[in-house]
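Worksheet: one structure, shown below.
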Amino acid sequence: MSRCLALLSLCVLLAACTNINQENYSKLKAGMTKAEVEQLLGKPGECSGALGFSSCTWGDEKAFISVQYAGDKVLMFSGQGLK
């Protein structure tokens, strides 16, 4: 029982330490490089793209940040469910 409680506590702590939050979202700026965004948010969970444009997403369906790139630079970004 104590192992289950310890594991649950660890999961809650890890969830609270996410980079996907309003504070980091407010630091995003058009023109930032992919490296700068990844330094701020970490590695994205998902990326796709074609013809020099790409889109990467951090988070899950409840809280996420999505960044669209033209080449290596942020073109626009959006977020939902951020605290």
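Those letters in the sequence shown? Residues -21 to -1, 1 to 62, by mature numbering (1 follows the signal peptide of the UniProt record, and there is no 0). Beta carbons are placed, not taken as given, at the ideal position from N, Cα and C, and that holds for glycine. Note that the coordinates shown come from a computational prediction; the quantities given were computed from them, not determined experimentally.
- Which residues mark the beginning and the end of the alpha helix (DSSP H) in which K13 is found? As a working mapping, residue 13 is identified with position 34 in the sequence shown. Segment K13 to L20, the alpha helix (DSSP H) holding K13.
Identify, in the order they occur along the chain, each residue of the same chain with its Cβ nearer than 8 Å to the Cβ of A(-6), setting aside the five sequence neighbours on each side.
The count along the sequence shown starts at 1 and reaches residue -6 at position 16. Here the model assigns A(-6) a pLDDT of 48, short of 50, so the residue's position is not dependable and the matter cannot be decided.
Three-state secondary structure (DSSP) at E40? In the sequence shown, counting from the first residue as 1, residue 40 sits at position 61. Look at E40 here: in three-state DSSP terms it is coil, with no helix or strand label.
Note down, in chain order, each residue of its chain lying with its Cβ closer than 6 Å to the Cβ of M11, except the 5 sequence neighbours on either side.
As a first step, residue 11 must be located in the sequence shown, where it is residue number 32. Sequence-distant Cβ neighbours of M11 in its own chain, meaning closer than 6 Å and more than five residues away, are V53.
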